[in-house]
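Count along the sequence shown starting at 1, add 16, and that's the number in this note's numbering. A quick write-up on the structure given underneath.
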Amino acid sequence: MDFNMKKLASDAGIFFTRAVQFTEEKFGQAEKTELDAHFENLLARADSTKNWTEKILRQTEVLLQPNPSARVEEFLYEKLDRKVPSRVTNGELLAQYMADAASELGPTTPYGKTLIKVAEAEKQLGAAERDFIHTASISFLTPLRNFLEGDWKTISKERRLLQNRRLDLDACKARLKKAKAAEAKATTVPDFQETRPRNYILSASASAAEQELRVAQTEFDRQAEVTRLLLEGISSTHVNHLRCLHEFVKSQTTYYAQCYRHMLDLQKQLGSSQGAIFPGTFVGTTEPASPPLSSTSPTTAAATMPVVPSVASLAPPGEASLCLEEVAPPASGTRKARVLYDYEAADSSELALLADELITVYSLPGMDPDWLIGERGNKKGKVPVTYLELLS
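Written out as structure tokens, the structure is:
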């Protein structure tokens, strides 16, 4: 009990000394030991790394889980060391609603059949999203979180210890300075009655202050070296986060590629079914380019519809490529379209596109529904439908 009381009193004295030193430094009444420029740069880089890692981590969590209530729930499960329950994605929930609607409204009707097809695609999108969230959490979020909860806590602890060592060092410097000043004053203005004992006490006090200063300087230098090594390890942290960032981009690329493939397959299915329900329409539009074939007889249709060469007849004998320069656009059925993304032509039969430009497009009998003929000035060629927004 006595030992604990002594330690408590010693700790209280050290804390009080540090508090006094810190307060005097803030008011400019005490000198402060400054760290070298390299050390200050290491501290600034470490703080910047910590701050931006926190922001990137939080925003990535928002990206993977936009629902704040769900994020709080997952956070509580992690803190309680319990497994996070499996959660249905929005795509899977939408797929379930569409499937139930098709079952009730009639799975054999055109609307019901389309609902079933879209529901299957949404289910695949939801599964792809689930895999992406799982992969991104393991390969990207976990390393960032480990840095903040592991390495950064160690760095912060050693920095606080270095701050305490610096305060102790500066307090020792202040005591030594006062002792030296008192000894010099006693030498200048001696007291003839108690000169020898007072000078002896002041000299002993100065010697003790010098010894404390040497010990404090050694502890400060040792702690500064430990902290410096930890701060220099931030470079390794950057390399690790760079690798994790590449993994995140890879998983995100895979996810969006899967989504594009699923939606492209769905578009093809809907395009073929739309052609059966609404013949003569562009893929993805609701306005017919020509009268429905079911409303006219073969003779009337042949007389009213424009006669254009088929795709198979566009290629000269012995050549597989299209000669689109000789193909005239149909008298009706041309549309204006805005280009959504840049597109680089794969061969001479395709037309290169630039985002936001306007072109004229039309379809030819026998063409793949995923492609149209595009014209820009004197140039024409095949263009993918997915890169266009049909206007009129």
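Even glycine gets a Cβ: it sits at the ideal position worked out from N, Cα and C. This one's a predicted model, so the numbers in the text were calculated from it and none came from an experiment.
Next on the checklist: Can you tell me whether Ser-267 is buried or exposed? The criterion is at least 16 other CB atoms within 10 Å of its CB, across all chains shown.
Outcome noted: For the purposes of this step, residue 267 is identified with residue 251 of the sequence shown, where counting begins at 1. It counts as buried.
Checklist entry - Tell me, which residues are paired with Lys-398 by DSSP? => result Counted from its first residue, the sequence shown places residue 398 at position 382. Lys-398 is bridged to Glu-366, Ile-389.
Next on the checklist: Out of Lys-189, Ala-152, Ala-240, which one is the CA nearest neighbour of Glu-174?
Outcome noted: Against the sequence shown, residue 174 aligns to sequence position 158. Ranking Lys-189, Ala-152, Ala-240 by Cα distance to Glu-174 puts Ala-240 first.
Item to check | For Gln-283 and Trp-387, the rounded distance between their alpha carbons | outcome: Sequence index remark: in the sequence shown, residue 387 carries index 371 (1-based). Sequence index remark: in the sequence shown, residue 283 carries index 267 (1-based). Each residue's Cα considered, the two are about 12 Å apart.
Checklist entry - Looking at the structure shown, is Lys-196 part of a helix, part of a strand, or coil, going by DSSP? => result Here residue 196 refers to the residue found at position 180 when the sequence shown is read from its first residue. Note: Lys-196 maps to helix in three-state DSSP.
Item to check | Cβ-Cβ separation, Ser-155 to Glu-263 (assumed contact under 8 Å), whole Å | outcome: For this step, residue 263 is matched to residue 247 along the sequence shown. For this step, residue 155 is matched to residue 139 along the sequence shown. Indeed, because the Cβ distance is near 4 Å, the residues count as touching under 8 Å.
Item to check | Inter-stretch contact (C-beta, 8 Å, three-pair minimum) for the segment 347 to 367 and the segment 387 to 399 | outcome: yes
Checklist entry - Based on Cα-Cα distance, which residue from Thr-253, Arg-354, Tyr-276, Gln-75 lies nearest to Gly-166? => result Position 150 of the sequence shown, counted from the first residue, corresponds to residue 166. When only C-alpha atoms are compared, the closest one is Thr-253.
Next on the checklist: Which of the three DSSP states is assigned to Ala-225 in this structure?
Outcome noted: In the sequence shown, counting from the first residue as 1, residue 225 sits at position 209. Looking at Ala-225 - three-state DSSP - the assignment turns out to be helix.
Checklist entry - Would the beta-carbon of Glu-405 fall within 8 Å of that of Ala-361? => result Taking the first residue of the sequence shown as position 1, residue 405 is located at position 389. Taking the first residue of the sequence shown as position 1, residue 361 is located at position 345. No.
Item to check | Cβ shell of Leu-164 (< 8 Å), same chain only, five flanking positions each side left out | outcome: In the sequence shown, residue 164 corresponds to position 148, counting from 1. Here the set comprises Lys-66, Thr-69, Glu-70, Leu-73.
Checklist entry - Identify the residues that DSSP records as bridge partners of Thr-376: which are they? => result Against the sequence shown, residue 376 aligns to sequence position 360. Answer by DSSP bridge pairing, in chain order: Lys-352, Glu-391.
Item to check | Continuous alpha helix (DSSP H) stretch holding Glu-138: start and end | outcome: The residue labelled residue 138 in the question sits at position 122 within the sequence shown. Segment 126 to 152, the alpha helix (DSSP H) holding Glu-138.
Item to check | Residue from Lys-193, Glu-89, Asp-384 with nearest C-alpha to Gln-285 | outcome: For this step, residue 285 is matched to residue 269 along the sequence shown. Of the listed residues, the one whose Cα sits closest to Gln-285 is Asp-384.
Next on the checklist: How far does the alpha helix (DSSP H) with Glu-108 in it extend, from its first residue to its last?
Outcome noted: For the purposes of this step, residue 108 is taken as the residue at position 92 of the sequence shown. It spans 106 to 121 - the alpha helix (DSSP H) in which Glu-108 sits, taken as one unbroken run.
Checklist entry - Does the separation of the CB atoms of Leu-229 and Leu-192 fall below 8 Å? => result The residue labelled residue 229 in the question sits at position 213 within the sequence shown. The residue labelled residue 192 in the question sits at position 176 within the sequence shown. Contact: yes.
Next on the checklist: Quick check on this structure: which residue in Leu-131, Ala-143, Val-255 has the alpha carbon closest to the alpha carbon of Ser-102?
Outcome noted: Locating residue 102 in the sequence shown gives position 86, counting from the first residue. For Ser-102, the nearest C-alpha among the options comes from Ala-143.
Checklist entry - Roughly how many angstroms lie between the CA atoms of Arg-34 and Leu-183, to the nearest whole one? => result Taking the first residue of the sequence shown as 1, we reach residue 34 at position 18. Taking the first residue of the sequence shown as 1, we reach residue 183 at position 167. About 6 Å.
Next on the checklist: In the DSSP output, what is Glu-405 paired with across the bridge?
Outcome noted: In the sequence shown, counting from the first residue as 1, residue 405 sits at position 389. According to DSSP, which records beta bridges pairwise, Glu-405 is partnered with Arg-354.
Checklist entry - Do Tyr-403 and Val-355 come within 8 Å of each other at the CB atom, strictly closer than that value? => result The sequence position of residue 355 within the sequence shown is 339, counting from 1. The sequence position of residue 403 within the sequence shown is 387, counting from 1. Cβ distance < 8 Å, so Val-355 and Tyr-403 count as in contact.
Item to check | Identity of the residues DSSP links to Tyr-359 by a beta bridge | outcome: As a working mapping, residue 359 is identified with position 343 in the sequence shown. Answer by DSSP bridge pairing, in chain order: Leu-369.
Next on the checklist: Using 8 Å as the cut-off, can you tell me whether the segment 121 to 138 makes contact with the segment 78 to 98, which would need three or more C-beta pairs spanning the two stretches below that distance?
Outcome noted: no
Next on the checklist: Between the alpha carbons of Tyr-272 and Thr-76, how many angstroms are there, rounded?
Outcome noted: Walking along the sequence shown from the start, residue 272 turns up at place 256. Walking along the sequence shown from the start, residue 76 turns up at place 60. The straight-line gap from Cα to Cα measures roughly 16 Å.
Checklist entry - Any idea what DSSP makes of Glu-50, helix, strand or coil? => result The residue you call residue 50 lines up with position 34 of the sequence shown. Residue state, collapsed to three classes: coil.
Item to check | Rounded straight-line distance, which links the Cα of Thr-151 to that of His-257 | outcome: What you label residue 257 is simply residue 241 of the sequence shown in a count that begins at 1. What you label residue 151 is simply residue 135 of the sequence shown in a count that begins at 1. Approximately 15 Å between the Cα atoms of the pair.
Next on the checklist: Do Val-401 and Gly-390 have their beta-carbon atoms positioned less than 8 Å apart in this structure?
Outcome noted: Residue 390 sits at position 374 when you count from the first residue of the sequence shown. Residue 401 sits at position 385 when you count from the first residue of the sequence shown. Against a cut-off of 8 Å, the Cβ pair of Val-401 and Gly-390 comes out as no contact.
Checklist entry - Do you know offhand how far Asp-63's Cα is from Lys-169's? => result The residue you call residue 63 lines up with position 47 of the sequence shown. The residue you call residue 169 lines up with position 153 of the sequence shown. Each residue's alpha carbon lies about 12 Å from the other.
Next on the checklist: Between the alpha carbons of Glu-242 and Ala-53, how many angstroms are there, rounded?
Outcome noted: Numbered from 1 along the sequence shown, position 226 holds the residue referred to as residue 242. Numbered from 1 along the sequence shown, position 37 holds the residue referred to as residue 53. The sequence shown places Val at residue 242, rather than the Glu named in the question. Rounded to whole angstroms, Val-242 to Ala-53 spans 17 Å at the Cα level.
Item to check | Where Gln-179 falls: helix, strand or coil (DSSP) | outcome: Residue 179 sits at position 163 when you count from the first residue of the sequence shown. The answer is helix: DSSP assigns Gln-179 an H, G or I state.
Checklist entry - Are the Cβ atoms of Arg-146 and Thr-105 separated by less than 8 Å? => result Indexing the sequence shown from 1 puts residue 146 at position 130. Indexing the sequence shown from 1 puts residue 105 at position 89. In contact: Arg-146 and Thr-105 (Cβ atoms closer than 8 Å).
Checklist entry - Can you tell me where the alpha helix (DSSP H) with Asn-162 in it begins and where it stops? => result Taking the first residue of the sequence shown as position 1, residue 162 is located at position 146. Looking at the DSSP string, the run of the alpha helix (DSSP H) that includes Asn-162 is 158 to 162.
Item to check | Glu-138 versus Leu-109 - alpha carbon distance | outcome: Numbered from 1 along the sequence shown, position 122 holds the residue referred to as residue 138. Numbered from 1 along the sequence shown, position 93 holds the residue referred to as residue 109. Straight-line Cα distance between these residues: approximately 9 Å.
Item to check | Ordered list of alpha helix (DSSP H) runs contained in the segment 58 to 105, each at least 4 residues | outcome: 84 to 95
Next on the checklist: Please return the same chain residues whose Cβ sits closer than 7 Å to the Cβ of Gln-114, not counting the five positions on each side in sequence.
Outcome noted: One-based indexing of the sequence shown puts residue 114 at position 98. According to the sequence shown, residue 114 is Met rather than Gln. Counting only Cβ-Cβ distances below 7 Å, and skipping sequence neighbours, we find Leu-131, Val-134, Ala-135, Glu-138.
Checklist entry - Skipping 5 residues on each side, what residues in its chain have a beta carbon closer than 7 Å to that of Gly-393? => result Position 377 of the sequence shown holds residue 393. Excluding sequence neighbours, Gly-393 sits near nothing in its chain.
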